[in-house]
Amino acid sequence: MAEQTRHRPFDMAKLTSVPYLVWMLLFTIVPLGMVVWYAFTAYPNTDFTLQNFAGVLKYGKTFWKSIYLSLIATVVCLIVGFPMGFIMSRMSERGQRTMQMLIMLPMWMSFLLRTYAWMTLLENEGLINKFLGLFGIGPFQMINTQGAIVLGMVYNYLPYMILPLYSVMVKIDQSVIEAAQDLGADGFHVLIRVILPLAVPGIVTGITMVFVPSVSTFIISRMLGGGSNLLIGDLIEQQFLGSVYNPGVGSAMSLILMVMILLIMGVINRFDSDEMEGMLV
Amino acid sequence: MKKKNVLSKVYTGLMLLFLFAPIFVLIVFSFNESKSRALFTGFTFKWYVELFQNEMIMSALWGSLSMAFCSSTIAAIVGTAAAVGIHKIQRKGIRTAIMNITYLPVLNPEIVTGISMMLLFVIFKNLLGIKLGFITVLIAHVTFCLPYAILNVLPKLRQMDPSLYEAAQDLGCPPVRAFFKVVIPEIMPGIISGYLMSFTFSLDDFIITYFTSGSGFTSLPLVIYSMVRKKVNPQINALSAIIFVVVLLMLLISNLVQARKEKAD
Amino acid sequence: MKRKLSLLLAVLTAASAAAAFSSCGSSSSAKPTLKVFNWGEYISDGQDDTLDVIEMFEEEFNCNVQYDTFSTNEEMYTKLASGSVEYDIIIPSDYMISKMINEDMLEPIDYDVVTNAANLMERFKTTDYDPGNAYSVPYTWGTVGLIYNTTMVEGTPTSWSALWDENYTGKILMFLNNRDAFGIAEKLLGYSQNSTNADEIQACADLLKDQKKVKPNYVMDEIFDKMEIGEAALAPYYAGDAVTMISENPDLAFVVPEEGSNVFIDAMCIVKGTEQYELANQFINFMCRDDVAQANIEYICYSTPLQTVYDNLDEEIRSNEIIYPDDEVLSRCESFVVLPDDTNQLIQDLWNEIIAE
């Protein structure tokens, strides 16, 4: 009897997740279903068509460019962020706390403002060119180039690489590294054999958190790329709120982007199945 | 070893320079007399004065804050309830399915989430007469905040000793009351960190708001977007400076509080 | 990490709770709201001690105005067509007005309310894009030409081909909208700006693609900034905005190229299905009122279609050939008309290819 009363609230408790499930069904699954629907119908009719995907094919180059630029940005973030994460993880407790704060600080400002800041720096008449001009160098064309877009991505998403890397590397005990050194491993081998394998979950999380927003951005390219240099995100935005209302092609693009990202992440996550732990810092 | 230390310090310094130099340039030029972004012609506070007189920015600021408040509160309540329910689900298949749905908005590119919701809300408008505005943005924000609310609470539930809850009931406490007296205080840190994440994500969101706000709601990021696309306006710099100082102060205070707490421990 | 943020919660919650309550309080006022959708930098908004016409309207008619801006006709049209936005008043250009009339997206104007429209100059009382102005009341008109920085450009660039000149690589701006961009290419090749010939349009697209060699920066409203601080040397844009830029930077000049150009009329329209039909008509009438129209036109520097406003302008403005060009210039200019859907689609596809590359 006592056993029964104790277990009844257990069953009741399961029901508390119902509002959430209904919510997610209505506002996540149904909208994604609509994207699929629009992608396969000829707006404004409801006839089935593959025409939208044919329309996307014309932009194959843009897709390739988006992937290419965001891959570069991700690799740069990894190369630059890895040493930083490691240095941070070896600091004193107080140092770690301060560094965490400093690295998060820019993240708390709107990414629009951060990108705007680079816009003013990179211009032909901007501060960097003015500064170089003092030494008789330049001016260089920096804004409106693909390099500027990559820079914008790196600047905006670098903290998302550093923090997960730091959070896994802080768990690596200094004695493990020292033991390896005592056994005669040089710096390079310590890195490859000891630190790198242990840092894999952080690397995976970092790559995901830099690559996904980079490949789908539609503001950074517009602000730093000078109106040409469109990326996938810009094209999608154009189909819905830009130059021509074409929800079919826009949905087809979104669908391809989504599937592509899920596939890429599926592949990356093969290296590590535990990536969510690192994600929440 | 010493050489390495120097190298680390130099590297850290360069990193911080990279992260903060652009922001400091923005802030310095918020005091610039002229609109030039490369020449400092004189010191002034006039952009700050103009900023506070700018009705559009001020009302957008209130809009953003109330949106963040409403969405993170709803997400915290619905999300905590959901986490409790999910925690109790034993069947592995169902659990995995639910967790996958939970991760979906986290992993999906924001622009896809944004347009998918816009498509839904346009249908809402045509069928139910609900115009795009505060309500639709609220729905969208709650949707992307919910996973963070749940993912922060679940680990706390897992850490909790289930016998606590049972003991309370054995001592005659009714289940609902036992839940609020015993379980909620245990998982409170998770609820709070989820709330904070939701609050900041909502406050800072541009992409999803851009697609779901229609013409009925304006948030601070939307105003910033419309400003950076037009004539140069040093009010943006002034706004950046203020946001930077507020964020810096908050982080400093919380850092100090935590340091003191740790010392006390 | 988690605990250290808990303090922020208290602060933020307190601040935002106050915000939530205050926003509830203000929205309960019973004033009607008029939603206006206009081009960026296209109204006297109280900057630099000018008249804030929106605020004046709000006070006189005891209402709220929600004022938003767009940067191209196409952007405005797409947003309305997507069904996600709602506006009462829009101010598109001629060809777009035809398109929207054809698609039944506009309400007819109530001329019993818009009495100030009687003051329109004769040539604006009936227009090709909207015969008899049934759906639109002209707001401004103007030409498209080349804005250039005299310290960076030698002589006067009298041809659109200056925008293809490799001497100015990296210092050229270009329209970020397909109609204006194709219009330039069409004039340069000697075609009509309303060509529906697929071969001609393809030739224009090739020409615009060829322009990539000078690394143009595609912009709309960002142009003010870039020209005023000398970030760019050459740009095609609207005459009225050129005057604004020249007043900020006297090194700038404006010319309508010899190949000819576009002359446009932007007009105020009421969106189909508006809940504020009466107020919308009053707004249009208000914008045509002498005092308002004059203050507005003096600030935005475009050309006015209203007779008494023109008569009352300073001689200096009336004789400004950028704003009020002579007949010789106007004879070189052509108006856009609405293109068939398949032509629009072709242009759109080609344009996306050009800028996406």
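Protein chains in written order, with this note's numbering: chain A, 32 to 312; chain B, 680 to 944; chain C, 1069 to 1425.
We treat Cβ as the ideally placed atom computed from N, Cα and C, and that holds for glycine.
_Burial state of C:Phe1089 (16 or more Cβ within 10 Å)_ = The predicted position of C:Phe1089 is uncertain, since its pLDDT is 48 and thus under 50; a value taken from the coordinates is nonetheless stated next. When all chains shown are included, C:Phe1089 counts as exposed.
_For A:Thr47, would you say it is in contact with chain B, using Cβ-to-Cβ distances shorter than 7 Å as the test?_
yes
*Which residue from A:Lys96, A:Phe71, A:Ser97 puts its Cα closest to that of A:Ala85?*
A:Phe71
*Looking only at its own chain, which residues have a Cβ that is under 6 Å from the Cβ of C:Met1173, when we skip the five neighbours before and after it?*
Lys1340
*Count the other CB atoms within 10 Å of the CB of C:Glu1254; is the residue buried (16 or more) or exposed (fewer)?*
Buried, since its Cβ has 16 or more Cβ neighbours within 10 Å.
*Taking B:Gly758 and B:Lys810 to be in contact with their CB atoms under 8 Å, please state how far apart those CB atoms are, rounded to whole angstroms.*
About 27 Å; that fails the 8 Å criterion.
*Put C:Gln1134 into one of helix, strand or coil per three-state DSSP.*
In the structure shown, C:Gln1134 sits in a strand (DSSP, three-state: E or B).
*Can the beta-carbon of B:Trp726 be found less than 7 Å from the beta-carbon of B:Pro913?*
yes
*For the region 1119-1129 of chain C against the region 1310-1323 of chain C, are there 3 or more C-beta pairs whose distance is under 8 Å?*
no
*Using a beta-carbon distance cut-off of less than 9 Å, what residues from the region 1243-1266 of chain C approach chain B?*
none
*Kindly list, in the order they appear in chain C, the residues whose Cβ is closer than 9 Å to that of B:Val801.*
Ser1150, Gly1151, Ser1152
*asked:* the ligand FAD and B:Lys767: does any heavy atom of the ligand fall closer than 6 Å to the residue's C-beta?
replied: The model depicted lacks the ligand FAD and carries no ligand whatsoever.
*Beta-carbon contacts of B:Ile756 that lie in its chain and below 8 Å, excluding the five residues immediately before and after*: none
_Bridge partner(s) assigned by DSSP for B:Phe722_ = DSSP lists B:Asn711 as partners of B:Phe722.
*CB contact below 7 Å: A:Thr93 versus chain C*: Using a CB distance cut-off of 7 Å, A:Thr93 counts as an interface residue toward chain C.
*asked:* Could you check whether the Cβ of B:Ser750 sits closer than 7 Å to any Cβ belonging to chain C?
replied: No, because no Cβ of chain C sits closer than 7 Å to the Cβ of B:Ser750.
*Which bits of chain C does B:Leu811 rub up against, with CB to CB less than 9 Å?*
Gly1151, Ser1152, Val1153, Glu1154
*asked:* Going by DSSP in three states, C:Trp1209 sits in which element: helix, strand or coil?
replied: strand
*Would you identify the three-state DSSP class for B:Lys940, choosing helix, strand or coil?*
helix
_For C:Phe1192, the nearest candidate out of C:Ala1335, C:Tyr1392, C:Tyr1259 (CA to CA)_ = Ranked by Cα distance from C:Phe1192, the options C:Ala1335, C:Tyr1392, C:Tyr1259 are led by C:Ala1335.
*asked:* Using C-beta distances below 6 Å, list every residue in its chain close to A:Leu81, excluding the 5 sequence neighbours before and after it, in chain order.
replied: none
_C-alpha distance - C:Ile1252 paired with C:Asp1274, whole-angstrom precision_ = 13 Å
*asked:* Is the separation between the beta-carbon of C:Ser1161 and that of C:Phe1332 shorter than 7 Å?
replied: Going by C-beta atoms, C:Ser1161 is nearer than 7 Å to C:Phe1332.
*Using a Cβ cut-off of 7 Å (strictly closer), state whether A:Phe71 contacts chain B.*
no
_Alpha carbons only, please: which of C:Lys1099, C:Ser1112, C:Ile1415 is nearest the one belonging to C:Asp1267?_
C:Ile1415
*Since A:Met130 contacts A:Met119 with CB under 8 Å, what's their CB separation in whole angstroms?*
5 Å
_If I follow the unbroken alpha helix (DSSP H) through C:Asp1334, where does it start and stop?_
For C:Asp1334, there is no enclosing alpha helix (DSSP H); the residue is found in the beta strand (DSSP E) stretching over 1329-1339.
_Can you find the residues in the same chain that come closer than 6 Å, C-beta to C-beta, to B:Phe697, ignoring five residues on each side of it along the sequence?_
none
_Length of the line joining the Cα atoms of B:Gly742 and B:Ser877_ = 16 Å
*What did DSSP end up calling C:Glu1402 once you bin it into helix, strand or coil?*
Note: C:Glu1402 maps to strand in three-state DSSP.
*Among C:Val1104, C:Ser1150, C:Gly1210, which has the Cα closest to the Cα of C:Thr1372?*
C:Gly1210
_Supposed contact pair C:Ala1301 and C:Ile1240 - C-beta distance, whole angstroms, cut 8 Å_ = 7 Å
*asked:* Against A:Gln172, what residues of chain C qualify as contacts under a CB-to-CB distance less than 8 Å, listed in chain order?
replied: Within chain C, the residues near A:Gln172 are Gly1238, Lys1283.
_Against chain C, with Cβ distances strictly below 7 Å, would A:Asn160 count as a contact?_
Not closer than 7 Å to any Cβ of chain C, the Cβ of A:Asn160 fails to qualify, so no.
_In DSSP terms, what A:Ile251 is bridged to_ = Note: A:Ile251 sits in no beta bridge, so no partner.
*May I have the straight-line CA-CA distance separating A:Asn277 from B:Glu941, to the nearest angstrom?*
57 Å
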